[in-house]
Amino acid sequence: MKLYLPFAFILGMTAALGCGSDAPKGPEKLSTTPVDGVVTLNGKPAAEVSVSLHHSEGKVAPRGISDKDGKFSIATYGKDDGAPAGKYKVTAAKNMTKEISPGVLAPPPPGGFKSDIPTKYESVNTTDISVEIKAGEKNSLKIDLK
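If you're matching positions, the sequence shown starts at 2 in my numbering and goes up one per residue.
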């Protein structure tokens with residue numbers, strides 16, 4: 002018993018030393034400002050479109066999904082919290098997520114899916130849409146995909 006007590010004490014102290022404040026921290030959480038908007042395809046509301054903002058410094062990747070009227074709200078860290086101020090390139094792609102009932106196996110993927118959205122909007126390297134989010138303002142974006 003006498004051997005176990007010092008061993009337990011040393012083990013406990015070693016574990017406590019590992020709980021110091023010098024542990025690496027997660028990425029800095031930037032302050033956000035409200036961002037919403039409407040996405041259209043050839044002037045008509047575009048439903049179920051994933052709109053992503055790509056920060057010029059690569060710090061964050063806010064995004065949102067349009068409803069049946071093409072309206073969307075951007076989120077970075079939580080629901081509809083907006084995006085940090087800065088310059089962004091905008092990408093857009095048809096949202097392919099589909100909700101299924103609990104306990105039901107996922108259906109096979111659809112064959113030959115074709116999106117109406119031009120492929121140039123799917124990549125940050127080819128999109129020609131840029132926006133600037135301004136701090137302290139309500140930012141409403143109008144994104145027309147052609």
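Using N, Cα and C, we set each Cβ at its ideal position, and we do this for glycine too. The structure displayed is predicted, hence computed values, not measured ones.
According to DSSP, residues forming a beta bridge with residue i
| i | result |
| --- | --- |
| Thr92 | Ser53 |
| Thr128 | In the DSSP output, where bridge partners are listed per residue, Thr128 has none listed. |
| Pro46 | Thr41 |
| Ile134 | Gly87 |
| Gly71 | According to DSSP, Gly71 bridges with nothing at all. |
| Leu146 | Leu42 |
| Ile66 | Ser51 |
| Thr77 | Bridge partners of Thr77: none, in fact. |
Presumed contact (8 Å Cβ cut-off) between residue i and residue j, rounded CB distance
| i | j | result |
| --- | --- | --- |
| Ile130 | Lys90 | 7 Å |
| Asp68 | Ala94 | 16 Å between Cβ atoms; not a contact. |
| Ile144 | Gly44 | Rounded, the Cβ-Cβ distance is 12 Å, inconsistent with contact. |
Cβ-based neighbour list, residue i, same chain, cut-off 7 Å, excluding 5 preceding and 5 following
| i | result |
| --- | --- |
| Asp70 | Pro46 |
| Ala86 | Thr34, Ile134, Lys135, Ala136 |
Cβ-based neighbour list, residue i, same chain, cut-off 8 Å, excluding 5 preceding and 5 following
| i | result |
| --- | --- |
| Arg64 | Ser51, Val52, Ser53, Leu54, Ile75, Ala76 |
| Ile66 | Glu49, Val50, Ser51, Val52, Phe73, Asn96 |
| Pro119 | Leu146, Lys147 |
Closest residue to residue i among the options (Cα-Cα distance)
| i | options | result |
| --- | --- | --- |
| Tyr122 | Leu146, Ala84, Asn43 | Leu146 |
| Lys115 | Thr41, Tyr78, Leu106, Asn96 | Asn96 |
| Glu138 | Thr127, Val36, Ser57 | Val36 |
| Leu31 | Leu42, Val40, Ala62 | Ala62 |
| Ser57 | Leu142, Ala84, Thr120 | Ala84 |
| Thr41 | Asn140, Thr127, Ser124, Asp117 | Asp117 |
| Ser124 | Ile144, Leu142, Thr92, Ser141 | Thr92 |
| Asn140 | Lys60, Asp82, Thr128 | Asp82 |
| Tyr78 | Glu29, Val132, Leu142 | Glu29 |
Same chain only: Cβ atoms within 6 Å of residue i, ignoring 5 sequence neighbours per side
| i | result |
| --- | --- |
| Thr127 | Lys121 |
| Lys88 | Ser57, Glu133 |
| Lys60 | none |
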